[in-house]
Amino acid sequence: MASVSFQGQHHCGGFLLRTRWVVSAAHCFRDRDPQTGLVVLGAHDLRTAEATQQVFSISAVFTHPDYHLATHTSDICLLRLNSSAILGPAVGLLGLPRRPPRAGARCQVAGWGSVSDFEELPPVLMEAEVRVLGLDICNSSWKGRLSPAMLCTRSGDRRRRGFCSADSGGPLVCRNRAHGVVSFSGLWCGDPKTPDVYTLVSAFVTWIWDVVRRGPHGPQPSPPPRTTGGPAGVA
Numbered sequence: 036m037a038s039v040s041f042q043g044q045h046h047c048g049g050f051l052l053r054t055r056w057v058v059s060a061a062h063c064f065r066d067r068d069p070q071t072g073l074v075v076l077g078a079h080d081l082r083t084a085e086a087t088q089q090v091f092s093i094s095a096v097f098t099h100p101d102y103h104l105a106t107h108t109s110d111i112c113l114l115r116l117n118s119s120a121i122l123g124p125a126v127g128l129l130g131l132p133r134r135p136p137r138a139g140a141r142c143q144v145a146g147w148g149s150v151s152d153f154e155e156l157p158p159v160l161m162e163a164e165v166r167v168l169g170l171d172i173c174n175s176s177w178k179g180r181l182s183p184a185m186l187c188t189r190s191g192d193r194r195r196r197g198f199c200s201a202d203s204g205g206p207l208v209c210r211n212r213a214h215g216v217v218s219f220s221g222l223w224c225g226d227p228k229t230p231d232v233y234t235l236v237s238a239f240v241t242w243i244w245d246v247v248r249r250g251p252h253g254p255q256p257s258p259p260p261r262t263t264g265g266p267a268g269v270a
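Residue numbers (this note's numbering): 36 to 270.
Set out below in structure tokens:
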């Protein structure tokens with residue numbers, strides 16, 4: 036699990052795909068200069084400098100060319116770290132899926148985002164179990180706004196489990212694969228009327244590996260934004 040921070044404040048999540056590559060959400064960088072950001076791997080408590088933590092600067096951000104802020108389409112990006120992570124018990128790679136998860140599958144979402152509306156960010160990594168919701172059912176809740184390259188989940192119980200502000204970019208893990216990237220939710224965290232929505236990773240596997248394999252010789256990194264806004268989390 037990766038924490039992306041700006042000015043010492045956790046901002047978004049992500050996951051390590053290769054030792055120099057992190058996958059996150061494109062909207063996490065819509066109003067941020069990547070050169071001022073840091074990526075922390077191997078963390079549990081962000082308040083302390085744990086021995087397991089590895090800290091990197093961001094050398095480049097590659098946003099999917101079809102990303103659209105208003106519709107959340109293709110809300111995915113790749114971060115190239117300034118150096119390679121050292122793999123170990125606290126820092127590992129997360130694989131990509133070949134196909135979407137089935138409806139009803141139990142998965143986990145984790146992050147340092149808020150545990151409920153209007154609360155401060157927790158310092159320690161939190162995790163919740165959720166269940167995959169069929170896109171047709173989810174789309175009826177979202178009034179047809181979702182695309183086939185999106186994935187939905189809902190809480191597996193009545194405790195409104197799910198993601199919240201500042202969990203954006205984190206992975207939805209099903210059977211040890213990153214099936215989703217946290218993208219957006221409804222007005223309230225865990226609101227069953229508007230299920231949580233992720234970018235469907237399996238729809239972008241070809242693009243992801245193309246960027247990673249071509250590296251510095253591939254597509255040009257996304258330009259830094261012209262303006263800087265306030266803290267942002269789930270859109």
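Just so it is clear, CB atoms sit at the ideal spot from N, CA and C, and this is done for glycine as well.
Just so you know, these numbers come straight off a predicted model, no measurement behind them.
Isoleucine 93: not part of any alpha helix (DSSP H); member of the beta strand (DSSP E) spanning 89–98, first to last residue. Taking the CA atoms as reference points, valine 217 sits about 9 Å from leucine 235.
A Cβ-Cβ distance of about 12 Å is found for the pair arginine 196 and proline 230, leaving them out of contact under the 8 Å criterion.
When the five nearest sequence neighbours on each side are left out, the beta carbons in the same chain lying within less than 6 Å of the beta carbon of asparagine 174 are those of Leu181, in order along the chain. DSSP places tryptophan 56 in the strand class (E or B) of the three-state scheme. DSSP links glutamine 143 through a beta bridge to Glu164, Val208. Distance from valine 126 to glutamine 89 at the Cβ level is roughly 6 Å; contact confirmed, criterion being Cβ atoms closer than 8 Å. Boundaries of the alpha helix (DSSP H) harbouring arginine 249: 240–249, taken from the DSSP string. When Ser109, Phe91, Asp66, Thr83 are compared, the shortest CA-CA separation from alanine 37 is found for Phe91.
Closest by C-alpha distance to glycine 225, out of Phe198, Thr71, Leu76, is Phe198. No residue range can be given for aspartate 68, since it is assigned to no beta strand (DSSP E) and is classified by DSSP as neither H nor E.
Remark: C-beta atoms of valine 247 and tryptophan 56 approach each other more closely than 8 Å. Counting along the chain, cysteine 173 sits inside the alpha helix (DSSP H) bounded by residues 170–176. Trp242 is the residue among Arg249, Trp242, Gly250 whose C-alpha sits nearest the C-alpha of leucine 131. Residue environment for histidine 214: buried (at least 16 other C-beta atoms within 10 angstroms of its C-beta).
Counting along the chain, arginine 180 sits inside no beta strand (DSSP E), nor does DSSP assign it H or E at all. Relative to the Cα of threonine 98, the nearest Cα in the group Phe219, Pro183, Leu113 belongs to Leu113. For proline 135, the closest C-alpha among the options Leu129, Leu156, Ser237 is that of Ser237.
By the C-beta density criterion, proline 183 is exposed, having fewer than 16 other C-beta atoms within 10 angstroms.
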